[in-house]
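Asks: Numbering (this note's numbering), first residue to last: 40 to 324. Don't be surprised by glycine CBs; every beta carbon is placed ideally from N, CA and C.
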Amino acid sequence: MQFTFDDTAREAQVEGFRVTYHDIGEGPALVMLHGGGAGASGWSNFAENLESFARDFRVLLVNQPGFGGSGYPEHFDEHYLSFAARMVIGVLDELGIEKSNILGNSLGAAVTVRTALDFPDRIDRIVLMGTGSNVSLGLFAPRPAEGILKLQAFNAAPSLEGMETFLRALVHNQELITPELVQARFEAATAPNAEEGNKAMFAGMHDPKYLRDGELWRICDEVKHHTLITWGREDRVQPLDGAFIAAKLMQNARLYIIPKCGHWAQVDAKDEFERVAVSFLRNVI
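1. Who are the Cβ neighbours of D280 in its own chain at under 8 angstroms, not counting the five residues just before and after it?
2. Taking a contact to mean a Cβ-Cβ separation below 9 angstroms, would you say G253 touches H118 in this structure?
3. Could you round the C-beta distance between G186 and H302 to whole angstroms and report it? I think they count as a contact, below 8 angstroms.
4. Note down the Cα distance separating R97 from S145, rounded to an integer number of angstroms.
5. What are the complete alpha helix (DSSP H) segments, minimum 4 residues, inside the stretch 156-214?
6. Would you report the Cα separation of V166 and H114, rounded to the nearest angstrom?
7. Let me know the secondary structure DSSP gives G303 once reduced to three states.
8. What do you get for G66, buried or exposed, if any count of 16 or more other CB atoms within 10 angstroms of its CB means buried?
9. Does the stretch 243-251 come close enough to the stretch 262-275 that 3 or more CB-CB pairs lie under 8 angstroms?
10. What residue does the alpha helix (DSSP H) around W82 start on, and which one ends it?
11. Can you give the beta carbon distance from N88 to K309, rounded, assuming they're within the 8 angstroms contact cut?
12. Report yes or no: do three or more beta-carbon pairs, one from the stretch 252-267 and one from the stretch 284-293, lie closer than 8 angstroms?
13. What are the partner residues of W270, as DSSP defines its beta bridges?
14. According to the neighbour-count rule (16 or more other Cβ atoms, all chains shown, within 10 Å of its Cβ), is E138 buried or exposed?
15. Between which residues of its own chain and A326 is the CB-CB distance below 6 angstroms, once the five residues before and five after are set aside?
16. Closer than 8 angstroms to a non-hydrogen atom of the ligand FMN - does that hold for the CB of L131?
17. Does DSSP put F56 in a helix, a strand or coil?
18. Which two residues bound the contiguous beta strand (DSSP E) that contains N144?
19. When we look at the beta-carbon of G171 and count the other beta-carbons within 10 Å, is it buried (16 or more) or exposed?
20. Is it the case that the Cβ atoms of S175 and W256 are separated by a distance below 9 angstroms?
21. I want to know whether the stretch 124-132 touches the stretch 153-163 - three or more CB-CB distances under 8 angstroms.
22. For I63, name the three-state secondary structure that DSSP assigns.
23. DSSP beta-bridge partners for M71?
This is the structure:
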């Protein structure tokens with residue numbers, strides 16, 4: 040199977056905001072949500088994984104508010120995660136999909152949990168990858184972690200060198216970070232409106248008025264869905280000790296730790312991640 044960006048690109052209008060996404064494959068729906076790093080999008084996060092997931096699922100790569108051309112309000116009157124969750128459900132509504140599996144990476148994992156909490160009847164199985172501290176607090180490693188500090192440094196002064204430094208913090212296998220990848224992510228991160236979208240996301244995540252609404256670790260025990268939490272043992276963005284609170288509290292969660300793997304499990308341990316995630320989503324394990 041071969042899929043192209045242009046052939047699969049779609050957009051929806053949700054609450055007056057543009058939501059861009061990619062629609063690939065047939066079968067039960069699977070929403071896949073990217074992380075919050077500079078230049079991120081559904082396509083850049085998961086394009087190389089589509090062949091495995093689209094064999095069994097109708098995959099929807101949804102670009103979150105401020106990323107990939109998806110819109111966002113001038114000022115968030117709620118926590119970013121709550122708004123982003125409604126955008127996901129709005130896409131499902133437009134497509135007439137009553138229930139979907141959902142897989143989220145980092146920021147996308149936090150949006151995944153918020154969606155499951157706010158719209159439990161619309162979500163089937165859940166896969167979380169390198170979940171952010173909104174969902175599972177770190178226990179031992181210093182925070183902010185190395186990868187977050189490098190992302191903050193890039194956002195403060197964007198450069199090719201800064202992008203490469205950030206991307207290298209995402210993976211254990213350094214050979215995966217090629218000049219072509221660095222250039223592509225840098226161009227995406229510095230494209231018109233991209234920096235503004237990234238800043239809006241951070242503002243919506245850290246507004247003091249709504250911070251408690253984003254502390255999902257306080258209420259993640261309310262998530263009853265069957266959940267697979269995957270984590271790279273060498274994650275330098277969300278260190279491994281961040282996995283255990285969510286794995287303990289979420290009612291039907293299991294934790295899968297991948298050795299020699301960083302924050303980008305879908306890249307760093309591509310075959311293993313795809314095999315385990317697809318098997319779980321198909322209810323094989």
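Replies: Once the coordinates are examined:
1. Here residue 280 is taken as the residue at index 241 of the sequence shown, counted from 1. Around D280: G177, L178, F179 and A180.
2. As a working mapping, residue 253 is identified with position 214 in the sequence shown. As a working mapping, residue 118 is identified with position 79 in the sequence shown. Taking the C-beta atoms as reference points, H118 is found nearer than 9 angstroms to G253.
3. Within the sequence shown, numbered from 1, the residue matching residue 186 stands at position 147. Within the sequence shown, numbered from 1, the residue matching residue 302 stands at position 263. About 6 angstroms separates the two Cβ atoms, so the contact holds.
4. Counted from its first residue, the sequence shown places residue 97 at position 58. Counted from its first residue, the sequence shown places residue 145 at position 106. Cα to Cα, the separation comes out at about 22 angstroms.
5. Segments of the alpha helix (DSSP H) lying fully in the stretch 156-214: 185-195 and 199-207.
6. Walking along the sequence shown from the start, residue 166 turns up at place 127. Walking along the sequence shown from the start, residue 114 turns up at place 75. Taking the straight line from one Cα to the other gives about 30 angstroms.
7. Here residue 303 refers to the residue found at position 264 when the sequence shown is read from its first residue. A quick correction: the sequence has Trp, not Gly, at residue 303. It is coil, neither helix nor strand.
8. The residue you call residue 66 lines up with position 27 of the sequence shown. Under this definition G66 is an exposed residue.
9. The stretch 262-275, when compared against the stretch 243-251, does not touch it at the 8 angstroms Cβ threshold.
10. Within the sequence shown, residue 82 is the residue found at index 43, counting from 1. Counting along the chain, the alpha helix (DSSP H) containing W82 begins and ends at G81 to F85.
11. Residue 88 sits at position 49 when you count from the first residue of the sequence shown. Residue 309 sits at position 270 when you count from the first residue of the sequence shown. Contact holds; Cβ gap of about 7 angstroms.
12. Contact between the stretch 252-267 and the stretch 284-293 is present, because at least three Cβ pairs lie under 8 angstroms.
13. Residue 270 sits at position 231 when you count from the first residue of the sequence shown. BP columns for W270 point to I296.
14. For the purposes of this step, residue 138 is taken as the residue at position 99 of the sequence shown. Residue 138 is actually Lys in this sequence, not Glu. The residue in question, K138, is exposed, as its Cβ has fewer than 16 Cβ neighbours within 10 Å.
15. What the structure shows of the chain is the stretch from 40 to 324, and residue 326 is not part of that stretch, so it cannot be assessed.
16. Summarising the ligand content, the structure contains no ligands, and the ligand FMN is consequently not present.
17. For the purposes of this step, residue 56 is taken as the residue at position 17 of the sequence shown. In this structure, F56 counts as strand in the three-state DSSP scheme.
18. Taking the sequence shown and counting its residues from 1, one reaches residue 144 at position 105. Segment S139 to N144, the beta strand (DSSP E) holding N144.
19. The count along the sequence shown starts at 1 and reaches residue 171 at position 132. Per the 10 Å Cβ criterion, buried.
20. The residue given as residue 175 occupies position 136 in the sequence shown. The residue given as residue 256 occupies position 217 in the sequence shown. Yes.
21. Contact between the stretch 124-132 and the stretch 153-163 is present, because at least three Cβ pairs lie under 8 angstroms.
22. Position 24 of the sequence shown holds residue 63. Strand.
23. For the purposes of this step, residue 71 is taken as residue 32 along the sequence shown, with counting starting at 1. Residue pairing by DSSP places M71 opposite L100 and L142 in a beta bridge.
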